[in-house]
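For the protein sequence lines, the chains are A, B and C, in the order given.
So for the first sequence, numbering that gives the first Met the number 0 puts the first residue at 0; every next one is plus one.
So for the second sequence, numbering that gives the first Met the number 0 puts the first residue at 0; every next one is plus one.
So for the third sequence, numbering that gives the first Met the number 0 puts the first residue at 0; every next one is plus one.
The beta carbon of each residue, even a glycine, is placed where N, CA and C say it ideally should be.
Here the structure is a predicted model, which means the values were calculated and not measured.
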Amino acid sequence: MSAPAATSGPTDPTVRPRRRAKRAPAVRRVSAVGPLSIGIVTLWLSIIVLLPLAAVVVKSLDGGLDQFWDAISNRQAVAALRFTLIVSLVVTLINAVAGVLIAWVLVRDQFPGKRFVNALIDLPFALPTIVAGITLLALYGKDSPVGIDVSFTQTAVALALLFVTLPFVVRSVQPVLIEVDKDMEEAAASLGASGPTIFRRIILPNLVPAILSGCGLAFARAVGEFGSIILISGNIPFDTQVTSVYVFKQIESDAPISAAAVSVVLLFISLVVLFLIRSLGRWGARHER
Amino acid sequence: MKLRNRISFVALTGVVLALGVSACGGSSDDSSGSSDSSGGGGANLSLVAYSTPQVVYDEVIPAFKKTTAGADTNFKSSYGASGEQSRAVEAGLSADVVAFSLEPDVTRLVKAKKVAEDWNQNQYKGFVSNSLVSFVVRKGNPKNIKTWDDLLKPGVQVLTPNPFTSGAAKWNLLGGYVAAGGAKDQKAGLAYLDELLSKHVKVQDKSGREALQNFVSGNGDVLLSYEYEAITAQKKGEKGIELVQPQQTILIQNPIATTLTSKNPDKAKAFVDYAWSKPAQEVFASWGYRPVNQEVFDEHKADFPIPTDLYTIDDLGGWSKVNDELFDPEKGAVAAIENKNGVSTEK
Amino acid sequence: MSAERPGLRTSRPARYTLRFLALGYLAVLLLIPLGVILYRTFEPGIGEVWASITTPAAQSAFQLTLLAAAIAVVLNTIFGVLTALVLVRGRFPGRRFLDALVDLPFAVSPIVVGIALILVYGQTGWFGDALENAGIQIIFSWPGIVLATVFVSLPFVAREVAPVLREIGDDQEQAAATLGASRWQIFWRITMPAIRWGVAYGVVLTTARAIGEFGAVSVVSGHIQGETQTLTLLVEQRFQNFDLAGAYAASAVLAVIALVTLLAMTLLNPRKDET
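Here it is, written out as structure tokens:
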């Protein structure tokens with residue numbers, strides 16, 4: 000299949016329609032998805048995702064808006080939220096860059112043991128979080144064999160999150176990189192463009208949706224992560240305590256409404272961040288063309 | 000696909016399947032692995048307990064089944080963190096017998112009408128085992144820690160789980176509280192906790208087991224824990240740690256109860272009675288739990304020295320009072336200390 | 000397609016630098032921890048490891064984990080591909096909202112996921128009475144575990160396939176339509192082969208996530224020995240009981256399952272020389 004990489008036709012709302020000289024003017028674009036498919040997907044997502052989350056929202060409002068507000072303006076809650084969001088963003092950015100690099104090497108490069116390396120990428124999240132936690136503690140804690148002791152610091156939380164979110168951007172970019180059409184690269188090369196230029200101008204724009212997709216997943220995972228962070232972070236309130244642990248605390252202290260409220264806020268903020276990430280991609284894609 | 004790849008794929012799948020289907024018995028660290036509710040004949044009992052006494056019940060349950068009262072019973076057991084288990088039963092997890100690490104986890108079920116209000120009207124007040132808040136130090140006790148005041152010596156780092164993420168961890172702080180005279184003078188007790196938490200406790204893990212893991216990994220000089228945790232850990236091969244018993248401390252009491260929702264209340268009662276009986280209490284003692292059965296306790300006097308200054312939760316007015324005044328996440332005194340300390344680390 | 004052509008040619012030094020950077024990052028972040036885990040797992044010896052993964056508890060945990068993961072993978076693959084198609088090729092009001100919904104599953108802390116499910120399907124939950132009357136138990140039984148697993152592993156296939164769909168464009172699909180092909184034919188003959196790698200990686204990620212889930216499953220499982228314990232819960236239990244070796248051994252099983260899935264996916268794809 001050699002559909003040119005950059006066109007998606009008029010059905011893609013992010014691209015201004017291209018005029019093609021040879022196209023018959025009155026072609027009716029057949030939609031690949033009918034109302035039935037849309038309905039099924041909506042129903043599926045509603046039952047599996049929306050329903051439980053709606054229950055959380057309802058629970059958070061069980062005590063009225065006052066209690067909701069008290070719960071989310073609690074100083075510890077705010078500190079935990081702020082720390083969670085910042086560290087997740089930082090980790091996402093780092094793994095975005097690293098992810099593209101690793102995906103590139105895995106797809107375009109050849110070296111012995113590549114299969115093995117490729118297989119390793121998914122292991123961070125097949126591992127139970129407690130094992131990841133113990134291992135990270137052993138590696139980056141007091142008795143560290145590599146001499147790094149960052150236990151109970153924010154760096155430790157970042158390290159744990161980097162480990163856990165590593166696969167996302169890599170795996171998102173890989174399938175796209177495999178499908179990318181090399182015609183344009185070859186053309187640009189034959190016109191004298193340098194490697195980095197070709198990468199930046201031709202390949203990267205095609206990877207943007209995939210990168211953003213992976214970033215979205217990585218960010219969402221980072222804000223919700225719980226088990227692997229716990230041992231090495233020390234859960235110091237106002238310092239290394241993440242929102243998921245704060246929520247856990249509230250539940251354990253028989254304050255489920257407060258837990259639900261903080262979760263709702265985190266969810267909402269994540270929604271906004273994800274929306275921004277996707278919009279950024281659309282804006283970027285539009286202006287590249 | 001290529002033959003070579005097809006073969007390797009099949010081989011790999013075979014390995015995975017072999018793991019699952021393997022019939023080798025192997026050694027059992029979790030011997031009550033498979034549920035043995037065989038369906039036909041016999042009463043089905045489910046035990047919902049907190050995680051540490053699993054080693055005890057793994058022995059007590061088979062022993063109970065050998066008695067006349069327990070013949071013809073099938074057991075399902077569930078172990079997890081005390082608070083989580085209690086909440087699960089509240090949310091509908093079926094249970095005939097519940098055993099938790101502190102009383103409020105049963106009180107929650109009384110409120111939810113799953114356990115009778117008179118659950119603790121018996122000679123044991125509803126408790127099946129006791130323990131003490133103790134210190135765990137490195138082998139040889141290099142920092143020479145013996146009393147609660149030693150914890151406040153400059154440079155001493157103390158590990159204790161967060162009392163808000165682990166209800167059972169409240170015992171640890173209460174130990175220090177009563178040692179500083181909190182039973183009579185709340186101010187004194189709180190002043191002690193303030194200094195302990197502000198200057199010597201840098202980190203509070205999610206649970207006792209995790210705090211121990213952290214300690215064993217080289218962090219901290221002393222871990223606040225329970226006597227039976229340390230003894231069980233040592234029995235299970237944890238080296239390099241030593242148990243030190245302060246002479247002033249609080250008595251940890253672990254409750255057991257039958258549920259109102261039980262379908263076999265008589266058998267459930269029989270099991271609880273058995274748990275109080277000599278043979279079962281012996282098993283408790285062997286794992287470091289202080290028996291409530293006086294006869295068994297007397298036999299093991301040497302293993303369980305009684306501290307000179309022993310307090311109970313009743314000396315503090317009971318759990319509801321303590322939970323409200325000290326551990327309320329919004330208004331409690333310990334929460335206030337935590338918040339105050341946070342000001343310096345808050346960014 | 001573009002397998003044979005080299006495309007962008009990188010100079011030797013550039014290629015080595017990139018390789019070094021990528022592998023270096025992976026080594027530090029991934030390989031070393033993995034090494035520690037492998038070392039700790041096999042330290043007691045292969046015999047011990049085998050024994051601790053063949054106990055009755057481990058076997059039942061293994062089966063439950065596989066069951067939940069299999070159901071989650073099948074459901075999330077079918078609906079995931081459909082979702083990707085709808086989100087990329089469809090145009091309808093509310094599309095952005097649906098798009099956002101797909102990522103939400105793991106922005107929620109795992110404990111809250113479990114509690115949310117209890118709020119809906121539990122004894123006192125929204126559907127509690129209806130379920131009880133029908134005699135169906137979801138929470139504290141295997142269906143609850145499956146639900147939790149489906150929830151947390153939902154986004155992957157959709158998110159892996161969507162960018163590929165966007166990349167390849169729908170020209171060929173349109174062409175086929177004008178030639179009279181039915182929707183199903185278009186999908187199966189043209190779309191599916193093109194998104195194959197996206198689906199494959201999506202399945203791999205879904206599997207890894209499904210078998211590795213702990214928090215949400217922990218809340219809804221009830222921890223009933225031999226019945227509602229997954230491998231991750233077994234790992235936690237062994238950790239609690241000071242059986243670290245056993246915990247590592249059970250984790251090794253999880254790692255192997257993830258590995259097998261990946262190798263299976265790459266072997267089943269004739270394009271294996273692309274990776």
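Beta carbon proximity, residue i to chain C, threshold 8 Å
i: A/V104; result: yes
i: A/E287; result: In this prediction, A/E287 has a pLDDT of 48, which is less than 50 and means its spatial position is unreliable; what the coordinates show is noted afterwards. Chain C, which has no Cβ nearer than 8 Å to the Cβ of A/E287, makes this no.
i: B/Y78; result: yes
i: B/G91; result: yes
i: A/V77; result: no
i: A/W68; result: no
i: A/L270; result: yes
i: A/L216; result: yes
i: B/G236; result: yes
i: A/S257; result: no
i: A/T91; result: no
i: B/Q203; result: no
i: A/K248; result: no
Local conformation of residue i per DSSP, three classes
i: C/L153; result: coil
i: B/L222; result: strand
i: B/S128; result: strand
i: B/F357; result: Absent from the structure is residue 357 of chain B, since the part of chain B shown begins at 0 and ends at 346.
i: C/N240; result: coil
i: C/A254; result: helix
i: B/R289; result: strand
i: C/F126; result: coil
i: B/N263; result: coil
i: B/D314; result: helix
i: B/N73; result: strand
i: B/S45; result: strand
i: B/L242; result: strand
i: B/D323; result: helix
i: C/L178; result: coil
i: C/R11; result: helix
Proximity test, Cβ basis, 8 Å: residue i and chain A
i: C/A106; result: yes
i: B/T164; result: yes
i: B/A284; result: no
i: C/D242; result: no
i: B/N129; result: no
i: B/G239; result: no
i: B/P264; result: no
C-beta neighbour in chain B for residue i, strict 8 Å
i: C/F126; result: no
i: A/L236; result: The residue asked about is misnamed: residue 236 of chain A is Pro in this sequence, not Leu. Judged by the 8 Å Cβ criterion, A/P236 is in contact with chain B.
i: A/E251; result: yes
i: C/E19; result: The displayed chain sequence assigns Phe, not Glu, to residue 19 of chain C. No - not a single Cβ of chain B is within 8 Å of the one on C/F19.
i: C/I138; result: yes
Extent of the continuous alpha helix (DSSP H) to which residue i belongs
i: A/V104; result: R74 to R107
i: C/T206; result: M191 to G211
i: A/S59; result: L50 to S59
i: A/R164; result: Here residue 164 of chain A turns out to be Thr, not Arg, going by the sequence shown. Where A/T164 is concerned, the enclosing alpha helix (DSSP H) stretches over Q153 to E178.
Any non-hydrogen atom of the ligand SAM within 7 Å of residue i CB
i: B/K64; result: This structure lacks the ligand SAM; in fact it carries no ligand of any kind.
Within chain A, partners of residue i - CB distance below 7 Å
i: C/T200; result: Here residue 200 of chain C is Tyr; the residue named in the question, Thr, does not match the sequence. R170, Q173 and P174, listed in chain order.
Within chain C, partners of residue i - CB distance below 7 Å
i: A/R200; result: Result: empty, since nearest Cβ-Cβ is about 11 Å, beyond 7 Å.
i: A/K141; result: None at all; the shortest Cβ gap to chain C is about 15 Å.
Partner residues on chain B for residue i, Cβ-Cβ distance less than 9 Å
i: A/L122; result: Neighbours of A/L122 on chain B: none; closest Cβ ~16 Å, over 9 Å.
Contacts that residue i makes with chain C (C-beta to C-beta distance below 8 Å)
i: B/R208; result: F238 and Q239
Interface partners of residue i on chain A, CB under 8 Å
i: C/S250; result: L126, P127 and V130
Enclosing beta strand (DSSP E) for residue i [first to last residue]
i: B/L257; result: Note that residue 257 of chain B is Thr in the sequence shown, not Leu. Unbroken beta strand (DSSP E) run through B/T257: Q247 to T257.
Chain C residues whose Cβ lies nearer than 9 Å to that of residue i
i: B/K75; result: I223, Q224, G225 and E226
Chain B contact residues for residue i, given Cβ-Cβ distances below 7 Å
i: A/P115; result: The identity of residue 115 of chain A in the sequence shown is Phe, whereas the question assumes Pro. Per Cβ cutoff of 7 Å: no residues; A/F115 is ~13 Å from chain B at best.
i: C/G121; result: A90 and G91
Uninterrupted alpha helix (DSSP H) stretches inside the segment 132–206 of chain B (no shorter than 4 residues) | 169–178 and 185–194
Any chance you could list the beta strand (DSSP E) runs of at least 3 consecutive residues sitting entirely within the segment 81–115 of chain B, in chain order?
-> 96–98
Runs of alpha helix (DSSP H) lying entirely within the segment 186–254 of chain A, each at least 4 residues, in chain order | 194–197, 203–223, 226–232 and 242–251
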